[in-house]
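Trainee: A single structure is presented below for examination.
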Amino acid sequence: MDRCWAVGGVFRGFEGFRGFRGFEGFRGFREFGGVVVWIVVIWAVVRVGSFIVGRDTFSGTHSKTEKYMMIIAHPDDESMFFGPFLSCAARRKSGVVVVVLTDGAGGGDRATRQKEMEKLCRDEGIELFSLGERDGYLKTTQELIDQLIVIFKLTQSGKVVTFDKKGVSRHTDHTECFYIAKTLATQLKQPTFLALQTFSLFGKYFAYFPPLSQALCPGQARHCTRGSYAPLTIKNTLKDSLSCRKRMLYHKSQLLWFRYCYILLSTYMDVNVLEEVRSDVWSD
Numbered sequence: 006m007d008r009c010w011a012v013g014g015v016f017r018g019f020e021g022f023r024g025f026r027g028f029e030g031f032r033g034f035r036e037f038g039g040v041v042v043w044i045v046v047i048w049a050v051v052r053v054g055s056f057i058v059g060r061d062t063f064s065g066t067h068s069k070t071e072k073y074m075m076i077i078a079h080p081d082d083e084s085m086f087f088g089p090f091l092s093c094a095a096r097r098k099s100g101v102v103v104v105v106l107t108d109g110a111g112g113g114d115r116a117t118r119q120k121e122m123e124k125l126c127r128d129e130g131i132e133l134f135s136l137g138e139r140d141g142y143l144k145t146t147q148e149l150i151d152q153l154i155v156i157f158k159l160t161q162s163g164k165v166v167t168f169d170k171k172g173v174s175r176h177t178d179h180t181e182c183f184y185i186a187k188t189l190a191t192q193l194k195q196p197t198f199l200a201l202q203t204f205s206l207f208g209k210y211f212a213y214f215p216p217l218s219q220a221l222c223p224g225q226a227r228h229c230t231r232g233s234y235a236p237l238t239i240k241n242t243l244k245d246s247l248s249c250r251k252r253m254l255y256h257k258s259q260l261l262w263f264r265y266c267y268i269l270l271s272t273y274m275d276v277n278v279l280e281e282v283r284s285d286v287w288s289d
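Its first residue numbered 6, the sequence shown is counted upward by one per residue in my numbering.
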């Protein structure tokens, strides 16, 4: 019976929630609340551990003076998914150019989202280019690649950064960014570009602690084979963790209730794993 305590508490908790039927109902609800509290405590301990244990493998790999051109689909992708990378680049005094491919109209008023993005980049010292492609209909075209080539050369960028093939959430615009970046790198004769690895659904919220990351995100090891290098891990300091969440607050039009949950809990707020992917230059 003792081993059934947690499950029993959950059911009694819901029974109590439907009307607090006497003392038993209240006690069941209280027991359910206790389970939730323990889950939150364990999660908090693991989160704090992530700032103490583990190693940032990105810092010693790339030149501190290298400039990165980040290709994203929507205004807010840079903060929602690439926050640790931006914080790392700021620490290392590396320049970042952000290219937003779509107008973001699928997620709200395009003018509002553009103003939010401009303010963030202005405050963070990030160069911003918005190409205004139709949200939800992003395609790899030579016209788009030509625009990106001009931006890459104009800003004297050295490396392209974008989503991987899965695009974190499998959003079609996110996944298309990968193929756009690969085509761009190939035409620029760049041998590689950096792609943000997609965590598993569970790993998106519980991969903070390094010993857990390999178990929860086995794709990291899988992607090291054939045509790519070992993944580069970027882990936030506590200060960086707060900065990443602050960036999301610039995108006020996107802050629905579930986004606050994401800001609090998501792995992408604290950890980025970047794969150095070979372009088609290698096959020429």
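A virtual CB, placed ideally from N, CA and C, is assigned to each residue, including glycine.
Could you say which of Ile156, Lys124 and Gln202 lies nearest to Leu136 if we only look at CA atoms?
Mentor: Checked all of Ile156, Lys124 and Gln202; the closest Cα to Leu136 is Ile156.
Trainee: What are the start and end residues of each continuous alpha helix (DSSP H) run of 4 or more residues lying completely inside the region 102–143, in chain order?
Mentor: Whole alpha helix (DSSP H) segments, 4+ residues: 115–129.
Trainee: How far does the beta strand (DSSP E) with Thr238 in it extend, from its first residue to its last?
Mentor: Unbroken beta strand (DSSP E) run through Thr238: Leu237 to Lys240.
Trainee: Just confirm the distance between the C-beta atoms of Ser84 and Thr191, as a whole number of angstroms; I'd bet it's less than 8 Å.
Mentor: Wrong, their Cβ atoms sit about 29 Å apart, outside the cutoff.
Trainee: Give me the Cα-Cα distance between Val103 and Leu91, rounded to the nearest whole angstrom.
Mentor: Their backbone Cα atoms lie some 10 Å apart in a straight line.
Trainee: Over the uninterrupted beta strand (DSSP E) stretch that includes Met74, give me the two end residues.
Mentor: Counting along the chain, the beta strand (DSSP E) containing Met74 begins and ends at Tyr73 to Ile77.
Trainee: Report yes or no: do the region 157–177 and the region 247–262 share at least 3 C-beta pairs separated by less than 8 Å?
Mentor: Flag = no, the region 157–177 and the region 247–262 do not touch.
Trainee: Round the Cβ separation of Met122 and Leu133 to the nearest angstrom and send it over; I've been treating them as touching at under 8 Å.
Mentor: Their Cβ separation, rounded to whole angstroms, is 7 Å, which keeps Met122 and Leu133 in contact under 8 Å.
Trainee: Any idea what DSSP makes of Lys292, helix, strand or coil?
Mentor: As shown, the chain starts at 6 and ends at 289. That puts residue 292 outside it, with no answer to give.
Trainee: Can you say whether Leu201 is buried or exposed, counting buried as having 16 or more other CB atoms within 10 angstroms of its CB?
Mentor: Buried is the call here.
Trainee: Hey, is the region 243–253 in contact with the region 69–80, meaning 3+ C-beta pairs nearer than 8 Å?
Mentor: Judged by Cβ distances under 8 Å, the region 243–253 makes no contact with the region 69–80, as fewer than three pairs qualify.
Trainee: Cα separation between Val282 and Thr180?
Mentor: Approximately 14 Å, taken between the alpha carbons.
Trainee: So the candidates are Val278, Ala186 and Arg96; which of them puts its Cα closest to the Cα of Thr167?
Mentor: Checked all of Val278, Ala186 and Arg96; the closest Cα to Thr167 is Ala186.
Trainee: So, under 8 Å CB-CB, Pro236 and Leu279 are touching, yes? Tell me the CB distance rounded to an integer number of Å.
Mentor: That pair is a contact at about 7 Å.
Trainee: Can you give the Cα-Cα distance for Asp245 and Ala110, rounded to whole angstroms?
Mentor: So the alpha carbons of these two residues sit roughly 30 Å apart.
Trainee: Quick one: does Val102 have its CB under 8 Å from some CB of chain C?
Mentor: Of the protein chains in the structure, only one exists, and it is not chain C.
Trainee: Do you know whose CA, among Cys266, Tyr255, Ala94 and Met253, lies nearest Lys164's CA?
Mentor: Answer by Cα proximity: Ala94.
Trainee: Can you tell me whether Glu71 is buried or exposed? The criterion is at least 16 other CB atoms within 10 Å of its CB, across all chains shown.
Mentor: By the neighbour-count rule (16 or more Cβ atoms within 10 Å), Glu71 is not buried but exposed.
Trainee: Can you check the region 80–105 for any alpha helix (DSSP H) of at least 4 residues that lies completely inside it and give the ranges in chain order?
Mentor: Entirely contained in the region 80–105, the alpha helix (DSSP H) runs reaching 4 residues are, in chain order, 82–85 and 88–96.
Trainee: May I ask you to list the residues that DSSP assigns as paired with Lys164?
Mentor: DSSP lists Tyr73 as partners of Lys164.
Trainee: How many Å lie between Phe263 and Glu138 at the Cα?
Mentor: About 27 Å.
Trainee: In or out: Ile239 buried (at least 16 other Cβ within 10 Å) or exposed?
Mentor: Burial call: buried.
Trainee: Just reading off the beta strand (DSSP E) that Phe198 is part of, what are its end residues?
Mentor: Counting along the chain, the beta strand (DSSP E) containing Phe198 begins and ends at Thr197 to Leu201.
Trainee: Suppose the cutoff is 7 Å on Cβ atoms and the five residues either side in sequence are ignored; what does the same chain contact list for Ile57 look like?
Mentor: Caution is warranted here: a pLDDT of 48 is assigned to Ile57, below 50, making its placement in the model unreliable, and the coordinate value is therefore given only provisionally. No residues qualify anywhere along the chain.
Trainee: Looking at C-alpha atoms only, which residue of Tyr73, Gly141 and Thr117 is the closest neighbour of Tyr255?
Mentor: Among Tyr73, Gly141 and Thr117, the Cα nearest to that of Tyr255 is on Thr117.
Trainee: Should Gly130 be labelled buried (16 or more other beta-carbon atoms within 10 Å of its own) or exposed?
Mentor: Classification of Gly130: exposed, given that the 10 Å Cβ count is below 16.
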